[in-house]
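Residue numbers (the numbering used here): 6 to 202.
Here the structure is laid out as structure tokens; the discussion comes afterwards.
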């Protein structure tokens, strides 16, 4: 982290907000999102800026975009549709010399059983993998999944909004989830619906 604020902020606030500019409501084209992120990382508030969040589908576009930013280093967190897709994402990284993978954010298909989540991830990940955030479904798998994640090296990810009203959990649902992760001492992140937080 660089910038005049980097030395003076508490560790809890370092990288507090990931940059999800390519996702709604911003929906920036990837080239604009990369350029804006690099500006954020050079700004006085850079210490508060986390990685640029990208979908796995856009990774092949990065080499051409980063070629226009020689010497730039890009820290990214990649959203992955399912544990079965993790190996494919990791296989693309050697071609992305200017990219550092800061985290993976993995969604769970409806048919994937809780007991299979951690084994599926661990089978796809190298020993020195970055943090993996597992998107916690808003169904009856949630309590068991949080317990399984707490017993592993992986973390939780809560969706707190989206482009439709049904994607927003109410206060009681979100509070119950946060209460459980606090009791389990399970690291987590939240995504969507936080643009005015």
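For glycine and all other residues, C-beta sits at the position ideal for the given N, C-alpha and C.
This one's a predicted model, so the numbers in the text were calculated from it and none came from an experiment.
A straight-line Cα-Cα distance of about 46 Å links residue 116 and residue 13. In this structure, residue 195 and residue 163 form a Cβ contact; the two beta carbons are roughly 5 Å apart against a cut-off of 8 Å. Shown here for residue 123: same chain residues with a beta carbon closer than 7 Å to its own, the five before and five after excluded, namely 153, 157 and 159 in chain order. Taken atom to atom, the span from the alpha-carbon of residue 32 to that of residue 24 is near 11 Å.
According to the DSSP secondary-structure assignment, residue 196 is paired through a beta bridge with 164.
Residues of the same chain with a CB within less than 7 Å of the CB of residue 149, apart from the 5 flanking positions on each side, are 119 in chain order. Beta-bridge partners assigned by DSSP to residue 137: 109.
Beta-bridge pairing by DSSP links residue 80 to 105.
Note on geometry: alpha-carbon atoms of residue 144 and residue 113 lie some 12 Å from one another. It is roughly 8 Å from the alpha-carbon of residue 35 to the alpha-carbon of residue 70. In the three-state DSSP reduction, residue 23 falls in the strand class (E or B).
Going by DSSP, residue 123 is part of the alpha helix (DSSP H) stretching over 119-129. With fewer than 16 other CB atoms across the displayed protein chains lying within 10 angstroms of its CB, residue 170 is exposed.
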